[in-house]
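Position 166 of the sequence shown, counting from 1, maps to 166 under my numbering, and the rest follow consecutively. In this text, a Cβ means the ideal position worked out from N, Cα and C, and glycines have one as well.
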Amino acid sequence: MSDSATSNGAGARARTVSPGGGDGTRAVRAGLPEPVKHEPTLPGPVFAAHFHLPGEPTGPYTYGRDENPTWTHLERAIGELEAPGETDVETLVFASGMAAISSVLFSQLGAGDVAVLPDDGYQALPLVRTQLEAYGIEVRTAPTGGDAQLDVLDGARLLWIETPSNPGLDVCDVRRLVEAAHTRGALVAVDNTLATPLGQRPLELGADFSVASGTKQLTGHGDVLLGYVAGRDAGAMAAVRRWRKIVGAIPGPMEAWLAHRSIATLQLRVDRQDATALQVAEALRGRREVSGLRYPGLPDDPSHEVAARQMLRYGCVVSFTLPTRARADRFLDALRLVEGATSFGGLRSTAERRGRWGGDAVPEGFVRLSVGAEDPEDLVADLLRALDESADEPGH
1 MSDSATSNGA
11 GARARTVSPG
21 GGDGTRAVRA
31 GLPEPVKHEP
41 TLPGPVFAAH
51 FHLPGEPTGP
61 YTYGRDENPT
71 WTHLERAIGE
81 LEAPGETDVE
91 TLVFASGMAA
101 ISSVLFSQLG
111 AGDVAVLPDD
121 GYQALPLVRT
131 QLEAYGIEVR
141 TAPTGGDAQL
151 DVLDGARLLW
161 IETPSNPGLD
171 VCDVRRLVEA
181 AHTRGALVAV
191 DNTLATPLGQ
201 RPLELGADFS
211 VASGTKQLTG
221 HGDVLLGYVA
231 GRDAGAMAAV
241 RRWRKIVGAI
251 PGPMEAWLAH
261 RSIATLQLRV
271 DRQDATALQV
281 AEALRGRREV
291 SGLRYPGLPD
301 DPSHEVAARQ
311 MLRYGCVVSF
321 TLPTRARADR
331 FLDALRLVEG
341 ATSFGGLRST
351 AERRGRWGGD
361 AVPEGFVRLS
371 VGAEDPEDLV
381 ADLLRALDES
391 ADEPGH
């Protein structure tokens, strides 16, 4: 994409980061333009619905629904994280993770096609399935664990993978599924929300698309709704771009700027949160009232062997089940350092009883815990105290 200069330097040539740089260096420098004297390192958001456009339109910035310089910097930043050192990857940002998911599915599939989705994935996927079927697209589903989607791949046009799955934290072998799908002529999209590009790089594992909600750990502050799609195939990405233009599922420039600003601390946040998540999981493992504990970073987790082959970090989400709905509710109410919320990945720890939404096939006492950046000792102590205080009263 060619750049046209703007008054704040947003159209300046992007600075490249050495592919040999570490994750922290990439996160801090990702997407920044070449330095311009007296201009900010990260140009401010461009609030423009239209741009000066004399004569024939030769640059990318013509109308605000099509392109925005603030998006451009953010898209470059995410692309550098998803595929370090690669120049053939295109990234597009969206108004939300669901907008990004929809852009891939609805731009790549048509009547008569077959899509394979996980049956234990993100809660909104059943809504997507209903809409796909309304358009004459056959939808097959299978669990994430055990690479079960392999069994329903024949004749598929697109395979949708979510690994680790949300909220169950099952992991599938991305390389194995990609090879099988490509052999059958199917495209592969991976929802990388829970892992982030610092935890897993689907494009390096062979996937055609890496898709994520930037609302979660990528931005990490709980103040931005955002999604993105990264991919190598120019034709496929052109279709995704066209879908974004038609539907208008674009992020605001302020949201894009906030997201880019937040990415600078991604490695710091991810390392802190993921390390604490492991400590939390280890602490919960010793509690008798806790069952079904899942965290891919635990050596004895059912998904650990596969996760260790393809993940660089294991994420900040821990899931487990308490004996009853009432016990889970008391536990959540007793927490002081963990906020009740339905998102995950933020600096502040959050948790919820997922069964309250009715869309996930989980027990009533199932808890999804998103580990934040609090001191590990404080957070573990708060969780253990809440477990003690929420215990059933004697005789009940």
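In the structure shown, residue 330 adopts helical secondary structure according to DSSP, grouped into three states. Counted as a single uninterrupted DSSP element, the alpha helix (DSSP H) harbouring residue 180 occupies residues 174-183. Leaving aside the five residues that flank residue 324 on each side, the residues in its chain whose CB is nearer than 8 Å to its CB run, in chain order, 364, 365. Along the region 53-131, the beta strand (DSSP E) occurs as fully enclosed runs of 3 or more residues at 90-94, 114-118, listed in sequence order. Around the beta carbon of residue 311, a 10 Å sphere encloses 16 or more other beta carbons of the protein chains shown; the residue is thus reported as buried. Judged by DSSP secondary structure, residue 138 falls within the beta strand (DSSP E) whose first and last residues are 138-142.
Pairing residue 103 with residue 240 gives a Cβ-Cβ distance under 7 Å. Put simply, the backbone Cα of residue 329 is about 34 Å away from that of residue 149.
Put simply, the backbone Cα of residue 246 is about 12 Å away from that of residue 106. The beta carbons of residue 159 and residue 177 sit about 6 Å from each other, so the pair counts as a contact at 8 Å.
Cβ-Cβ distances below 6 Å link residue 23 to 198, 267 in the same chain, with the five nearest sequence neighbours on each side left out; the list follows chain order. DSSP, read as helix, strand or coil, puts residue 220 in coil. In the three-state scheme derived from DSSP, where H, G and I count as helix and E and B as strand, residue 371 is classed as coil.
When the beta-carbon positions are compared, residue 259 and residue 74 come within less than 7 Å of each other. With respect to the C-alpha of residue 183, the residue from 222, 135, 207, 129 having the closest C-alpha is 207.
Taken atom to atom, the span from the alpha-carbon of residue 217 to that of residue 26 is near 16 Å. Counting only residues of its own chain and dropping the five nearest sequence neighbours on each side, residue 47 has a CB closer than 8 Å to the CB of 253, 254. For residue 229, no alpha helix (DSSP H) run applies; the uninterrupted beta strand (DSSP E) run containing it begins and ends at 227-231, by DSSP. DSSP places residue 289 outside any beta strand (DSSP E), giving it a letter other than H or E.
For residue 213, there is no enclosing alpha helix (DSSP H); the residue is part of the beta strand (DSSP E) that begins and ends at 209-213.
For residue 339, the closest alpha carbon among the candidates 362, 292, 349 is that of 349. Listed in chain order, the non-local C-beta contacts of residue 168 below 6 Å within the same chain comprise 120, local neighbours out to five positions each way being set aside. For residue 322 against residue 290, the beta-carbon gap comes to about 7 Å, under 8 Å, which counts as contact. Among the bridge pairs identified by DSSP, residue 191 is matched with 162, 211. If you look at residue 307, you'll find it in the alpha helix (DSSP H) that goes 304-310. Here DSSP, grouped into helix, strand and coil, assigns residue 319 to strand. For residue 165, the CB contacts under 7 Å within the same chain, skipping 5 residues up- and downstream, are 118, 120, 121, 144 in chain order. Between residue 97 and the set 196, 64, 60, the nearest pair of CA atoms involves 196. In this structure, the CA atom of residue 374 is about 21 Å from the CA atom of residue 224. Across the structure, residue 55 and residue 63 are spaced so that their CA atoms are roughly 15 Å apart. DSSP places residue 351 in the uninterrupted beta strand (DSSP E) bounded by 350-353. Contact between residue 77 and residue 263 holds: CB atoms are separated by about 6 Å, below the 8 Å threshold. The continuous alpha helix (DSSP H) containing residue 262 extends over residues 253-263.
Residue pairing by DSSP places residue 294 opposite 319 in a beta bridge. Beyond the five residues adjoining it in sequence on each side, residue 109 comes within less than 7 Å, by CB distance, of 115, 132, 137, 157, 158 in the same chain, given in chain order.
With contacts defined by Cβ atoms closer than 7 Å, residue 232 and residue 88 form a contacting pair.
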